[in-house]
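Peer 1: A single structure is presented below for examination.
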Amino acid sequence: MGAPTIRSALEIRDGVRSGKWTCVEAITAVMEQVRKANPKIDALNQVFADEALSAARELDGRRSRGEDLAPLAGVPFTAKDNICTLEGNTTAASKILHNHRAVYPATAVRRLQAAGAILVGKSNMDEFGMGSSTENSSVRVTKNPWRTTHVPGGSSGGAAALAAAVRGMVHLGSDTGGSIRQPAAYCGVTGLKPTYGRVSRYGLLAFASSLDQIGPIAGSARDCALALGAIAGTDPMDSTTAPVPVPDYLAELAKGIKGLRLGVVREYFPEGVEAEVKERVLEAVETFRGLGARVEEVSFPHAAYANPTYVLVSGAEASSNLARYDGVHYGYRTANPRSLIDLYARSRVEGFGPEVKRRIMVGTFVLSSGYYDAFYLKALKVRRLIRRDFERAFERVDAVIGPTSPVPAFPIGDRMDDPLKLYAVDVLTVAANLASVPGISFPCGFTRDKLPVGAQVFARPFDDAVVLRFAHAFQEATAHHRAEPAVCGWKEDGRG
Amino acid sequence: MAIEITDELVAHVARLSRLGLSSAEAAEIKGHFRKILEFVKTLDQLDLKDVDPSFFPLATHNVFRDDEVAPSLGADGALRNAPARRGDHFMVPRIVADASGVGGEPEESA
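Taken in order, these protein sequences are the chains called A and B.
Heads up, the first sequence is in the numbering used here, so the first residue is 1 and it goes up one at a time.
Heads up, the second sequence is in the numbering used here, so the first residue is 1 and it goes up one at a time.
Structure representation (structure tokens):
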């Protein structure tokens, strides 16, 4: 059989299930695309080509012996480099964990593998998830497949870039303040931050524990639904996973959005949002209206306070979580320490990158005696007000919409001179984490310069199916998500 | 709350953070602290008198399980990534002086 041209992970699942392809054929076809695309975009920190092929052979062998086929048999996936895998290293793209080998897999990884999905690599990221461009990686700078002089967004930039360049895979990312949705927007793919507590965080290297969530990035909402169904649900190893039933997300997609009420968030189109971004998102709103959604305007009065609140809350939690990197238990250790304190202080200062050090310092400061009330406690109070904005909106509407990022992908290096310039692109994503609601970013068109624009839909906690239904309905009605960057292996059409 | 970001404050926070910052890094972070204070100042506009802090986003509940013996990470697993190991222990520099007063942790300047 000739090499299949694969367009989605669901196609692989169905092709393997029907016997059209073997797992080996599917994995071989996808890995061929990865081999062509990855050197152009530097999306992966590690590729497990041999291990993936062995896993595929193993699955094919089981089937030939008459065993039942696992539900996601042959579907290739990657894990962000802050998600523990028994394969390879788990580094969070940090020097301090450059040689760290996880001793257990993340629950999300274990569940995908148990379902027959095949791990093919670890994706690049901003160190510990701290960044919005994947430039804060100690390993490499990932490029945007739509324009390789531009960033892919971050922190799950490797995952989003590969999702755009190679179809037929699902990618596990993590989202603390937009790290799944914003790179998905910049790369023209679909990214879902599930409701807090929907997916186990066991085996995710913690950044900010009350905000972090693992979620899928893929070429379509349908592929995200496929992945979410496999990873969602309670886990004895993460007591914050919620005992809320996991629906059949793929089946939910068929319900469409007719009659659902969609709120356009007035405050999500401020001055800083580029005109073309605003236009594309408002066009998406009209598409939803045409599909039968009841559109109205809603207000988030505290939207402007979300980003400062996020900086304080995530910094505080990060400073505590990253205390474990001490040069004693794992990872990098400084040479010739004079004392234990010296060992800690030098291992950490030599092992962490500049942005991670900034955030640890800010977080330690706002938690320190004398400053706690003025900063951390105040931020937690504002966090409640932000959550109330969502609750009030969801009394009237089923979902709300706005742009994912105020700007499209920007040139590499453009925002590295001032950390605050980089924080500014998080302004529309962080509230979903503070309020614990599900959020999805999906491509809604392009700028005149051919850079993707993402729209973002939020819904009530545990209405992950609702945000997936909106993105899927949009993708049934439009073709933006099927557009392919020229860097794709099979479509060398010259541009860029 | 007007806060002056001094070199001493940055040094204090660096000690708490266990980060042996170089003077160039400390200076950079001092500037960053000022920008962050400016950035978060906007929160002062809000009247938060009657607002309870939200430490955790969603309703939480205790999770119980039966207290059953089950396999867990053994010493080899726990020590697998140790930069220095002796037997079943992580190795660190001496923290207690020997009888003659040699070695041990120097007093940390507060």
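Glycine residues also receive a C-beta, built at the ideal position from the N, C-alpha and C atoms.
With 8 Å set as the bound, which would you pick, yes or no: does the beta-carbon of Arg18/B sit closer than that to a beta-carbon of chain A?
Peer 2: So, interface residue.
Peer 1: Gly496/A CB to nearest chain B CB: under 8 Å?
Peer 2: The predicted model places Gly496/A with a pLDDT of 32, which falls under 50 and marks its position as unreliable, so this point remains unresolved.
Peer 1: Hey, could you find the ends of the alpha helix (DSSP H) Lys255/A is sitting in?
Peer 2: Note, Lys255/A: premise wrong, no alpha helix (DSSP H); not H, not E.
Peer 1: So, is the C-beta of Val400/A closer than 8 Å to a C-beta in chain B?
Peer 2: Not closer than 8 Å to any Cβ of chain B, the Cβ of Val400/A fails to qualify, so no.
Peer 1: Could you tell me which chain A residues have their CB closer than 7 Å to the CB of His32/B, listed as they occur along the chain?
Peer 2: Residues of chain A passing the Cβ test: Arg358, Pro419.
Peer 1: Pull up the distance between the alpha-carbon of Leu59/A and that of Val75/A, whole angstroms please.
Peer 2: Leu59/A and Val75/A: Cα-Cα distance of roughly 11 Å.
Peer 1: Quick check on Cys444/A: does DSSP put it in helix, strand or coil?
Peer 2: Cys444/A: strand per DSSP, three-state reduction.
Peer 1: So, does the region 133-153 of chain A touch the region 413-423 of chain A, judging by three or more C-beta pairs under 8 Å?
Peer 2: Yes, they touch.
Peer 1: In chain A, which residues lie with their C-beta within 7 Å of the C-beta of Glu68/B?
Peer 2: Ordered by position in chain A, no residue passes the 7 Å Cβ test against Glu68/B, which lies about 11 Å from the chain.
Peer 1: Taking a cut of 9 Å between CB atoms, which residues from the region 79-101 of chain B lie near chain A?
Peer 2: Those would be Leu79, Arg80, Asn81, Ala82, Pro83, Ala84, Phe90, Met91, Val92, Pro93, Arg94, Ile95, in chain order.
Peer 1: Compute the distance between the beta-carbons of Val99/A and Gly331/A, then report whether it is under 8 Å.
Peer 2: Note that residue 99/A is Asn in the sequence shown here, rather than Val. Result yes, Cβ atoms of Asn99/A and Gly331/A sit closer than 8 Å.
Peer 1: What span of residues does the beta strand (DSSP E) with Arg13/A cover, start to end?
Peer 2: No beta strand (DSSP E) contains Arg13/A, which is instead part of the alpha helix (DSSP H) from 9-17.
Peer 1: Starting from the beta carbon of Glu25/B, find every residue of chain A whose beta carbon is closer than 9 Å, and list them in chain order.
Peer 2: Val349, Pro354, Lys357, listed in chain order.
Peer 1: Does any CB atom of chain B fall closer than 8 Å to the CB of Leu205/A?
Peer 2: It does not: the Cβ of Leu205/A has no partner Cβ on chain B nearer than 8 Å.
Peer 1: Does any C-beta atom of chain B lie closer than 8 Å to the C-beta of Leu192/A?
Peer 2: For Leu192/A, the answer is no, since every Cβ of chain B falls outside 8 Å of its Cβ.
Peer 1: How should Thr404/A be labelled, buried or exposed, when 16 other C-beta atoms within 10 angstroms of its C-beta is the threshold for buried?
Peer 2: Burial call: buried.
Peer 1: Three-state secondary structure (DSSP) at Gly331/A?
Peer 2: DSSP places Gly331/A in coil when its eight states are reduced to three.
Peer 1: For the region 309-343 of chain A, which residues have a CB atom closer than 8 Å to at least one CB atom of chain B, in sequence order?
Peer 2: Flagged, chain order: Thr309, Val311, Leu312, Ser319, Ala323, Asp326, Gly327, Val328, His329, Tyr330, Gly331, Tyr332, Arg333, Pro337, Arg338, Ser339, Leu340, Ile341, Asp342, Leu343.
Peer 1: Using a Cβ-Cβ cut-off of 7 Å (strictly less than) and excluding sequence neighbours within five positions of Arg63/A, which residues of its own chain qualify?
Peer 2: So the qualifying residues of the chain are Leu69.
Peer 1: Return no unless some Cβ of chain A is closer than 8 Å to the Cβ of Thr42/B.
Peer 2: Closer than 8 Å: yes.
Peer 1: Roughly how many angstroms lie between the CA atoms of Val285/A and Val264/A, to the nearest whole one?
Peer 2: Going by the C-alpha atoms only, they are around 8 Å apart.
Peer 1: Would you tell me roughly how many angstroms separate the C-alpha atoms of Asn321/A and Tyr196/A, rounded to the nearest one?
Peer 2: Rounded to the nearest angstrom, the two C-alpha atoms are 18 Å apart.
Peer 1: Quick check: what's the CA-CA separation for Arg502/A versus Arg57/A?
Peer 2: With chain A running from 1 to 496 in the structure shown, residue 502/A is simply not present.
Peer 1: Closest to Arg384/A by CA distance: which of Lys49/B, Gly20/B, Leu73/B, Pro53/B is it?
Peer 2: Out of Lys49/B, Gly20/B, Leu73/B, Pro53/B, Pro53/B has the C-alpha closest to the C-alpha of Arg384/A.
Peer 1: Quick one: what does DSSP say Gly77/B is sitting in, helix, strand or coil?
Peer 2: Gly77/B: helix per DSSP, three-state reduction.
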